[in-house]
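Quick note: to get this note's numbering, add 32 to the position in the sequence shown (first position is 1).
Report on the structure given below.
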Amino acid sequence: MSAPADGKLLIDIGSTYFKLCTATSIEQHFRDFNKRILDDLTAKCGDTLARYAPEDVQICSSANGGLSTLIIGATESFSLKYATNIAYNAGINIIDSILFQDIEDASVPSDLIDVVIIVGGIDSNAGVFDARLARYLSRLNYSNAVYVGNAPDGEALRGQIERMVVLPNVVDGRLHIVEEHLKDFLTNLYQQDIEGKEDIKHLYAITANQIYSTPYIVGQSLPVINAAFAVTDPFILLDIGGATTDVHYSKDLVEDNIVTERGHDRIVFKKLGVYKSRQSLIFTAEHNEYAYELLMHLKVTENIYTEHSEKATKVLMKLAIFLVLCQMSHDGPSYVTLKLLAMNSIVFTGGIAKVLSVEDIEDIVAFFYRKILNSDHKPVTVLDADYGIWTLGAKEHASCR
33 MSAPADGKLL
43 IDIGSTYFKL
53 CTATSIEQHF
63 RDFNKRILDD
73 LTAKCGDTLA
83 RYAPEDVQIC
93 SSANGGLSTL
103 IIGATESFSL
113 KYATNIAYNA
123 GINIIDSILF
133 QDIEDASVPS
143 DLIDVVIIVG
153 GIDSNAGVFD
163 ARLARYLSRL
173 NYSNAVYVGN
183 APDGEALRGQ
193 IERMVVLPNV
203 VDGRLHIVEE
213 HLKDFLTNLY
223 QQDIEGKEDI
233 KHLYAITANQ
243 IYSTPYIVGQ
253 SLPVINAAFA
263 VTDPFILLDI
273 GGATTDVHYS
283 KDLVEDNIVT
293 ERGHDRIVFK
303 KLGVYKSRQS
313 LIFTAEHNEY
323 AYELLMHLKV
333 TENIYTEHSE
343 KATKVLMKLA
353 IFLVLCQMSH
363 DGPSYVTLKL
373 LAMNSIVFTG
383 GIAKVLSVED
393 IEDIVAFFYR
403 KILNSDHKPV
413 TVLDADYGIW
423 TLGAKEHASC
433 R
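Shown next as C-alpha cells:
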C-alpha cells in the first residue's frame, strides 16, 4: 500500500467494492446495492469519514461503468486505430467501430451512444466524408459527436450534424498521433458523466475535490509502480472487477506501436466482469474453443456456469484472466495485439485480489502460455492484495496538480 499524506483520505468507489485508504490502513467493503453509495459508505465507514474535512477527501470512481462510444473512421491502420487508442486511455468504452466506406451497410446500434467519434484523413486532403455520414448519424441515438478528422471536411460538416464538436485532427501530416485535444474532450465528458450520476453527485457532500475516474487514477500509477511493487518493464496490469476488466500495458509490448509521449496505454473489456457482467463473461467463455479444456484443467464442468458459490466465482475469475489474455494475443479479436512472450511482469488488482491467490493466477497464466502460445514463458506474477495500486495513482495525481 502507498499511504496518502498525513491528514488525507482516499476513496475508490467500484462497481462491486469501495475502498478507503488512510495513512495507516486500507478498508475494503462489498457494496450494498440496495443503498445509495453515500448511505452505504456512511453506514460502514462513518467513523473514518468523520475524521476528515471535505478538502482532505479525494475520491475516484468506476461505478458509472464508463461512456459508450462509436467510432467512424476512414482507415483501419491510422484513423480508427488512433482514435481507439485515445478513447481507451480517456476511460471510454468502445462498443463498435465502422469504416466510412462501409457505412451504408453498417447496422445502427439500438442503445443510446454517449459519444460518436468521426476521424479520417490529413488536413491537406478533403473529400474523405460526404452526405452518407450525416444520413447515418440522423438514424443514430447519440448524446455527443466529435469530429477529429481532416480540417476541410470538418468545416464542411459543421452545422450539418447535430451536437457535433469539431476539434483538431488526431492524425498529423507525418501520420503521427495528436492526442491532446480529443483526449481532453473525452476525459471531460467522462468526468461530466461521473458527476451527473445521482449516486456520485451525493459524494460531493463529503469532498471538496473533483471526483476522477478510477482508470485515469490507476493510469497515473504506472510510471511509479515499481516504487511499491516488484514490477519490471515491460508489464501488463489487469484490473479485474465486477463489471469490466481494464488492462494497462507497457507500450514496449505493442507490435504495431503508435507514436505517443506515454510509456503505457489502456484497453477495457466492458463485458468481462465477474458480477455485473457475469452472463457476458460466460457467453464469451462458451464461444472460446479452449475454455472447455481450461475447465477440464480446473476439474470442473460447464455446470459451474449455473452455480452461485465461492467456487464458481473463483472459476469465473480464472476464466476472465484466460479470456483477456486470449483477446490480446494473436488468437484474439482485440484491436491491440501484445508481444506477450516479451512480458516480464503481470500485475493483478481489483476484485480478483479478494478471490484468487498468486498460485491460482500462476496456474492460469501458465495454462494460457502453453495452450495458446506453445511456450513455457513465465512472467512474474504480482498480486495487489490490498488494492494499493490506485493509491499510488491518487498520490501521483495530487503531486502533479
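Yeah, the Cβ is synthetic: ideal placement off N, Cα and C, and Gly gets one too.
Within this structure, are the beta carbons of Leu254 and Lys371 separated by less than 8 Å? Translated into the one-based positions of the sequence shown, residue 254 becomes position 222. Translated into the one-based positions of the sequence shown, residue 371 becomes position 339. No, they are not a contact pair.
Sheet register partners of Cys358 (DSSP bridge): As a working note, residue 358 is residue 326 in the sequence shown. Beta-bridge pairing by DSSP links Cys358 to no other residue.
Could you say which of Lys427, Leu424, Asp44 and Asp418 lies nearest to Ile226 if we only look at CA atoms? In the sequence shown, residue 226 corresponds to position 194, counting from 1. Asp44 is the residue among Lys427, Leu424, Asp44 and Asp418 whose C-alpha sits nearest the C-alpha of Ile226.
Report the three-state DSSP secondary structure of Asn251 (helix, strand or coil). Walking along the sequence shown from the start, residue 251 turns up at place 219. Correcting the residue identity first, residue 251 is Gly in this sequence and not Asn. Correct three-state label for Gly251: helix.
Excluding the 5 residues flanking Leu269 on each side, which residues of the same chain have their C-beta closer than 6 Å to its C-beta? Residue mapping note: residue 269 aligns to position 237 of the sequence shown, counting from 1. Counting only Cβ-Cβ distances below 6 Å, and skipping sequence neighbours, we find His280 and Val379.
Determine the direct distance from the alpha carbon of Thr48 to that of Gly383, and round the result to whole angstroms. Walking along the sequence shown from the start, residue 383 turns up at place 351. Walking along the sequence shown from the start, residue 48 turns up at place 16. Roughly 8 Å separates the two Cα atoms.
Using only alpha-carbon positions, find the residue among Ile396, Gln359 and Glu339 that is nearest to Leu326. Start at 1 with the first residue of the sequence shown, and residue 326 comes out as number 294. Of the candidates Ile396, Gln359 and Glu339, the one whose C-alpha sits nearest the C-alpha of Leu326 is Ile396.
Are at least three pairs of beta-carbons, each pair with one atom in the segment 181-200 and one in the segment 147-164, less than 8 Å apart? They touch, by the three-pair rule.
N-terminal and C-terminal residue of the alpha helix (DSSP H) that Asn176 is part of: Your numbering for residue 176 matches position 144 in the sequence shown. Segment Tyr174 to Tyr179 is the beta strand (DSSP E) holding Asn176; no alpha helix (DSSP H) there.
The segment 164-177 / the segment 145-152 touching (three or more Cβ pairs under 8 Å): Touching, per the Cβ criterion.
Which one or two residues does DSSP pair with Met349 in a beta bridge? Taking the first residue of the sequence shown as 1, we reach residue 349 at position 317. Under DSSP, Met349 takes part in no beta bridge, so it has no partner.
Using the three-state DSSP reduction, which class does Met328 fall into: helix, strand or coil? Here residue 328 refers to the residue found at position 296 of the sequence shown. Helix.
What would DSSP say about Gln311, mapped onto helix, strand or coil? Within the sequence shown, the letter at position 279 stands for residue 311. The answer is helix: DSSP assigns Gln311 an H, G or I state.
Outcome for Met375 when other beta-carbon atoms lying within 10 angstroms are tallied against a minimum of 16: Position 343 of the sequence shown, counted from the start, is the residue given in the question as residue 375. Burial check for Met375: the Cβ neighbour count within 10 Å reaches 16 or more, so the residue is buried.
Of the residues Ala85, Pro86, Phe50 and Ser361, the one placed nearest Ile69, counting alpha carbons only: The residue given as residue 69 occupies position 37 in the sequence shown. Closest option to Ile69, Cα to Cα, is Phe50.
Buried versus exposed call for Glu318 [16 or more other C-beta atoms within 10 Å across all chains shown]: Here residue 318 refers to the residue found at position 286 of the sequence shown. Under this definition Glu318 is an exposed residue.
Check the C-beta distance from Ala106 over to Gly153 and give it rounded, since I have them as a contact under 8 Å. Locating residue 106 in the sequence shown gives position 74, where the first residue counts as 1. Locating residue 153 in the sequence shown gives position 121, where the first residue counts as 1. At roughly 6 Å, the Cβ-Cβ gap stays under 8 Å, so Ala106 and Gly153 are in contact.
The alpha helix (DSSP H) enclosing Phe261, as first and last residue numbers: Here residue 261 refers to the residue found at position 229 when the sequence shown is read from its first residue. Where Phe261 is concerned, there is no enclosing alpha helix (DSSP H), given that its DSSP letter is neither H nor E.
Local conformation of Thr107 per DSSP, three classes: Translated into the one-based positions of the sequence shown, residue 107 becomes position 75. Coil, per DSSP.
Exposed unless 16 or more other CB atoms sit within 10 angstroms - verdict on Gly425: The residue given as residue 425 occupies position 393 in the sequence shown. Its Cβ being crowded by 16 or more others within 10 Å, Gly425 is buried.
Cut-off 6 Å between Cβ atoms - residues of its own chain near Lys346, not counting five sequence neighbours on either side: One-based indexing of the sequence shown puts residue 346 at position 314. The beta carbon of Lys346 is closer than 6 Å to those of Val387 in its chain, skipping five residues each way along the sequence.
Which residues DSSP lists as bridging His51, in chain order: Counting from one through the sequence shown, the residue named residue 51 turns up at place 19. The question names His, yet the displayed sequence has Lys at residue 51. Partner residues in the beta bridge of Lys51, as assigned by DSSP, are Asp44 and Gln60.
For the beta strand (DSSP E) that contains Leu144, what are its first and last residues? Position 112 of the sequence shown, counting from 1, holds the residue named residue 144. That residue, Leu144, is in no beta strand (DSSP E); it is neither H nor E in DSSP.
Note down the Cα distance separating Ile207 from Ser111, rounded to an integer number of angstroms. Here the question's residue 207 lines up with position 175 in the sequence shown. Here the question's residue 111 lines up with position 79 in the sequence shown. It is Leu, not Ile, that sits at residue 207 in the sequence shown. Distance from the CA atom of Leu207 to the CA atom of Ser111, rounded to whole angstroms, is 9 Å.
Is Phe400 helix, strand or coil when you go by DSSP? On the sequence shown, position 368 is the one that residue 400 refers to. Collapsing the DSSP output to three states places Phe400 in a helix.
C-alpha distance - Ile249 paired with Ala138, whole-angstrom precision: The count along the sequence shown starts at 1 and reaches residue 249 at position 217. The count along the sequence shown starts at 1 and reaches residue 138 at position 106. Cα to Cα, Ile249 sits roughly 35 Å from Ala138.
Through-space distance from Phe315 to Val202, alpha-carbon basis: In the sequence shown, counting from the first residue as 1, residue 202 sits at position 170. In the sequence shown, counting from the first residue as 1, residue 315 sits at position 283. Each residue's Cα considered, the two are about 35 Å apart.
Among Ile103, Ala82 and Ile243, which one has its Cα closest to the Cα of Leu131? Position 99 of the sequence shown holds residue 131. With distances taken between CA atoms, Leu131 lies nearest to Ile103 out of Ile103, Ala82 and Ile243.
What does the alpha-carbon distance come out to for the pair Leu99 and Ala188? Along the sequence shown, read from residue 1 onward, the residue named residue 99 stands at position 67. Along the sequence shown, read from residue 1 onward, the residue named residue 188 stands at position 156. Answer to the nearest angstrom: the Cα atoms are 28 Å apart.
What do you reckon, are the CB atoms on Asn121 and Ile209 nearer than 8 Å? Locating residue 121 in the sequence shown gives position 89, counting from the first residue. Locating residue 209 in the sequence shown gives position 177, counting from the first residue. In this structure, Asn121 lies away from Ile209, with their beta-carbon atoms at least 8 Å apart.
Cβ-Cβ separation, Thr101 to Ile124 (assumed contact under 8 Å), whole Å: As a working note, residue 124 is residue 92 in the sequence shown. As a working note, residue 101 is residue 69 in the sequence shown. Right, the Cβ-Cβ distance comes to about 5 Å (below 8 Å), so this counts as a contact.
Alpha carbons only, please: which of Asn66, Asp216 and Glu59 is nearest the one belonging to Lys76? To locate residue 76, count along the sequence shown from 1; it is residue 44. For Lys76, the closest alpha carbon among the candidates Asn66, Asp216 and Glu59 is that of Glu59.
Within the continuous alpha helix (DSSP H) that includes Ser170, where are the two ends? Here residue 170 is taken as the residue at index 138 of the sequence shown, counted from 1. Ala163 to Ser170 is the extent of the alpha helix (DSSP H) around Ser170.
Same chain, Cβ closer than 6 Å to Leu169, neighbours up to 5 away in sequence not counted: As a position in the sequence shown, residue 169 is number 137, starting the count at 1. So the qualifying residues of the chain are Ile193.
Coil, strand or helix - Tyr90 by DSSP: For the purposes of this step, residue 90 is identified with residue 58 of the sequence shown, where counting begins at 1. Reading the sequence as shown, one finds Gln at residue 90 and not Tyr. Gln90 falls in the strand class under three-state DSSP.
Counterpart residues of Tyr370 in DSSP-defined beta bridges: Taking the sequence shown and counting its residues from 1, the one referred to as residue 370 is at position 338. Note that residue 370 corresponds to Leu in the displayed sequence, not to Tyr. Per DSSP, Val286.
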